[in-house]
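Going line by line, the protein sequences match chains W and Z.
The letter at position 50 of the first sequence is residue 50 when you use the working numbering, and the numbering goes up by one with no holes.
All you need for the working numbering is the position in the second sequence, starting with 1, plus 466.
Quick notes on the structure that follows.
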Amino acid sequence: MNDASKGMRVAVTGASGSLGRRVVARLCASAEVGSVLALDRTPLALEHALLESRVCDVRDTDLAEHFRGCDSVLHLAFVVERGSRDARETEAINVGGTRNVFEAAAAADVGQVVYASSVAAYGFHADTDGLLLDESAAIRGNPGFYYGEHKAANEHWLDGFEAEHPELRIARLRPTLFLGLESERPVRRLQRGLHFYLSGPAPKMQIAHQDDVADAFVLALEKRAGGAFNVANDEPITLREMGAAMGKRSLRVPRGLMALHQLAWRARLTEVDPAWSELASGPSLLASGEKLRKELGWQPRFATTGDVLREMSRRPNARASHAVKAYFGPLRRLTRLFGGLPASRQARAESRGMQGSINLVFTGEHPSLWHFTLREGRLGVHEGSSETARATISMRDATFRDMLAGRLASSTAMMTGKVRIRGDGEMGFLVGGLVGGFGRLRRAKGLTGLPARRYAAWVLREVQKR
Amino acid sequence: MKFSLFYEMQMSQPTRAREQECFRNCVEQVRLADELGYWGVWEVEHHGLYEYSHSSAPEIFLSYVAALTENLRLGHGITLTPACYNHPMRIAERIATLDILSGGRVNWGSGKSSSLVEQMAFEADVTQLHEQWLEALQIVPRMWQEEVFQHQGRFWKIPPTQVIPKPVQQPHPPIFAACSKPDSAAEVGRLGIGALNFAVGNDEYLARKVASYREAVAAAQPSGYQKTDHFAATPSALCLDDDHLACEVGMRGARFFAESLGVYYFGGDRPTGPLDINREPLCPEDLEEAMAFRGAEDAPAMSVVGDPVHCKEIVSRFAAAGVDELILVMQAGTVPHELVMESIRTFAEKVMPDFAG
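Set out below in structure tokens:
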């Protein structure tokens, strides 16, 4: 049915999740893959010549229709944080959905399924506390912790299913905790100046990098692997040691405060199930990634948990010049507080009809990446770049400083190519706006203009430092 | 491709005498363009934008040059149509009169004004400018075509009236609109009227913009007026045999243009007196860099500046993007009249023939 020369056709469930997006992007770049079918309840916001995105649910009865013609299925769909979903629905997706996926794959004559299990299937138990588990360890999730229970139930069910379907090659990947840059909440926490940890017993933890986990899934697919594989890196550390690994001051939080989390969860003030934070006080669950390295040649870019934490805690614009940080830092904070910068009547009138985001890239020895959002006349400033930007403006950091100091006109900078714009050329107005707006802050009049003048004077001092 | 001239009536640090001289010079430039076979002239309407644009009564200027030219198309680029600036009936009457006196040479562009300086001077309600523009766009062409016109709209209510005179061109003069925002080319295309695109971008971007306009205009089914499928771009320009001189003068002018525009459109202040902008030539290093950047792949196609060889290359980039007309902005604040004349001549003799037909 499939032309081998064109590469495999791969379907991915949970494709719009944070791991799913990474896996899909890597599949599209794989030489073995001819086409990718992204399946999720929310459409995948990614475009690629090899990619087709469809909206569906792992509980759908006609799932096999989507799988028909596929060589492989990567099953990643799973409820990780159940939020306000009720327990029955969570189980229907995690357990019922997984069975449905495997049965549909068998019905559609798919050759291979790579399934995202978890080390949580082994469970956190006193008798394995601190032991480095290999793939032969017993599967016994922790009662009461839905995530581990569901992962364990699926593994047990799979044992039977696998025996009945010898024609289907099944790989079960069991990752430890992992983080990617999109894991917004925990990453923001890691990027704080201080590190908090709970008092009392401190289990060791393993945290992998999401990109390395995504690599493991693609490897399992490319090598048509069967069987179980832990996806785990080296040198587990305790919550308490994490601060030191990231070079931060640590602060102990009394264990009694955990009760507050329980209360907040019951009052629906938090989306995070306390079942997750309770893991931070039980026995350690540690897994060995040896088999994955040896048999599939997995080479994680972040080999230890410390490496991952250091990467995650690094602010994206850590190398930005003081001038750029001074200029954009407060604007970014204002954006986060008020959803955008204050805009004059004129600014709103002028930007009518302009929507979308603009990337601003500073190059040179102080690189940094920002993006601006424009919505209903209000400008917002954010760190990092936007994938959907309609224009990218790039310049050397020194060029920006020259413009702020009044040594270079923005018009001259654009005419000479010191400032370059890709995409919508009109978005170049932003450069003149950043520089002209700064001039206006310096000239702000009266008492109400004092904060603006102070801010401008401070930025200018930073600009002139070098 | 068609070639035209664009007029803001721009001047740097004007005195009354220099202002008068500028108007007379512009008349002379337009007469030369007519003799040399340019397609048209486009005249803006702005109010109170000191130095940037002294063209506040374009209908008078166009009437005057209509009498002095033979073939040149006379373009309003654009007429401000919101209620506070021009009543639609006055627009219909003036355009029809000019069309009669010029023998059917009028191009009518429309727009809504976007500088707060003029909006405040005329007490415009900025939240209604767009809707007022749209309504005027619907009724002006009907006034030209209907013997007895009447209208019950949101902004204008006109009882049965014989709007006279009627224009020469049938069914009416072609209709255009200004587009300066990223998405407005497609919007103008959906209305089925010609696009006067004041925006810039690199070749790929321009090509995409033209394509989105074409797609929209092809699907448009305007009622009440005839469709115009035409995409014009407005680069700054100066074409002289001496490449270095053309760049020195032309880029200085282009910078004056860009910075004075910036003050009125993105400035936030309400400036009076001479503008706080660069009027001097670019310093030698910047000039050299800017000259070299002209040919770069990601350089925005925004200025047709240089000797005829360079100008041809840049014009061919516009042609490749699918642009129908280049409206050249040669008359920029700091550019001497004699060099504008020489540029009009050089461009007509050495660049235009390559793009004829």
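We put the CB at the ideal spot given by N, CA and C, even for glycine.
Item: What does Glu725(Z) touch in chain W if you count any residue whose Cβ is under 8 angstroms from its own?; Value: Ala409, Ser411
Item: Residues of chain Z with CB under 7 angstroms from Thr416(W), in chain order?; Value: Asp752, Glu755, Ala756, Phe759
Item: List, in chain order, every chain Z residue whose beta-carbon is nearer than 7 angstroms to that of Gly432(W).; Value: Gly728, Phe732
Item: How close, in whole Å, do the beta carbons of Lys291(W) and Thr238(W) come, if the pair is a contact with beta carbons under 8 angstroms?; Value: Not a contact, Cβ separation roughly 25 angstroms.
Item: Closer than 8 angstroms to a non-hydrogen atom of the ligand ATP - does that hold for the CB of Gly297(W)?; Value: The ligand ATP is absent from the structure shown, which contains no ligand whatsoever.
Item: How about the region 524–536 of chain Z and the region 496–512 of chain Z: do they share at least three Cβ pairs that are nearer than 8 angstroms?; Value: yes
Item: Which of helix, strand or coil does DSSP assign to Leu286(W)?; Value: strand
Item: Can you check which of these residues, Leu369(W), Arg85(W), Ser72(W), is closest to Phe102(W) by C-alpha distance?; Value: Ser72(W)
Item: Kindly identify the DSSP beta-bridge partner or partners of Ile641(Z).; Value: Trp574(Z)
Item: State the start and end residues of the unbroken alpha helix (DSSP H) segment that holds Glu311(W).; Value: 305–313
Item: Would you decide whether Thr812(Z) is buried or exposed? Buried here means 16 or more other CB atoms lie within 10 Å of its CB.; Value: buried
Item: In chain W, which residues lie with their C-beta within 7 angstroms of the C-beta of Met717(Z)?; Value: Met415
Item: Work out the CA separation of Ser410(W) and Gly428(W) for me, nearest whole Å.; Value: 10 angstroms
Item: Any C-beta of chain Z sitting closer than 9 angstroms to the C-beta of Ile14(W)?; Value: The amino acid occupying residue 14(W) in the given sequence is Gly; Ile does not appear at that position. No, Gly14(W) does not count as interfacial toward chain Z.
Item: Under a CB-based cut-off of 9 angstroms, is Met768(Z) close to chain W?; Value: yes
Item: From Pro802(Z) to Ser581(Z), what distance separates their C-alpha atoms?; Value: 27 angstroms
Item: Name the chain W residues that come within less than 8 angstroms of Arg721(Z), Cβ to Cβ?; Value: Ala409, Ser411, Thr412, Met415
Item: Can you have a look at Glu65(W) and say buried or exposed, based on whether 16 or more other CB atoms are within 10 angstroms of its CB?; Value: exposed
Item: Quick check: the Cα distance between Glu525(Z) and Gly437(W), rounded to an integer number of angstroms?; Value: 36 angstroms
Item: When we look at the beta-carbon of Gly193(W) and count the other beta-carbons within 10 Å, is it buried (16 or more) or exposed?; Value: exposed
Item: Is Gly364(W) buried or exposed, if buried means 16 or more other CB atoms sit within 10 Å of its CB?; Value: exposed
Item: If you follow the beta strand (DSSP E) that Gly227(W) is part of, which residue opens it and which one closes it?; Value: 227–231
Item: With distances taken between CB atoms, is the gap from Tyr197(W) to Met242(W) smaller than 9 angstroms?; Value: yes
Item: Under 9 angstroms between the Cβ atoms of Met224(W) and Gln355(W)?; Value: Here residue 224(W) is Arg; the residue named in the question, Met, does not match the sequence. Not a contact, by the Cβ cut-off of 9 angstroms.
Item: Tell me the DSSP bridge mates of His617(Z)?; Value: Ile624(Z)
Item: Is the Cβ-Cβ distance between Val33(W) and Leu27(W) less than 9 angstroms?; Value: yes
Item: Let's see if you can read the secondary structure: which residues bound the beta strand (DSSP E) around Phe372(W)?; Value: 368–375
Item: Under 7 angstroms, CB to CB, which of the residues in the region 470–502 of chain Z have a partner in chain W?; Value: none
Item: Round the Cβ separation of Gly690(Z) and Gln604(Z) to the nearest angstrom and send it over; I've been treating them as touching at under 8 angstroms.; Value: 6 angstroms
Item: If distances are taken between C-alpha atoms only, which option among Gly329(W), Leu408(W), Ala15(W) comes closest to Leu369(W)?; Value: Gly329(W)
Item: Anything in chain W within Cβ reach of Gly667(Z), meaning under 8 angstroms, just list it in chain order.; Value: Ile421, Gly423, Asp424, Gly425, Glu426
Item: With respect to the beta strand (DSSP E) encompassing Asn359(W), which residues constitute its N-terminal and C-terminal limits?; Value: 356–363
Item: Determine, for Asp709(Z), whether the minimum Cβ-Cβ distance to residues of chain W falls below 9 angstroms.; Value: no
Item: Tell me whether Ile421(W) is buried or exposed, calling it buried when 16 or more other Cβ atoms sit within 10 Å of its Cβ.; Value: buried
Item: Ile170(W) bridges to which residues according to DSSP?; Value: Val113(W)
Item: Is the region 121–137 of chain W touching the region 158–171 of chain W, taking contact as three or more C-beta pairs under 8 angstroms?; Value: no
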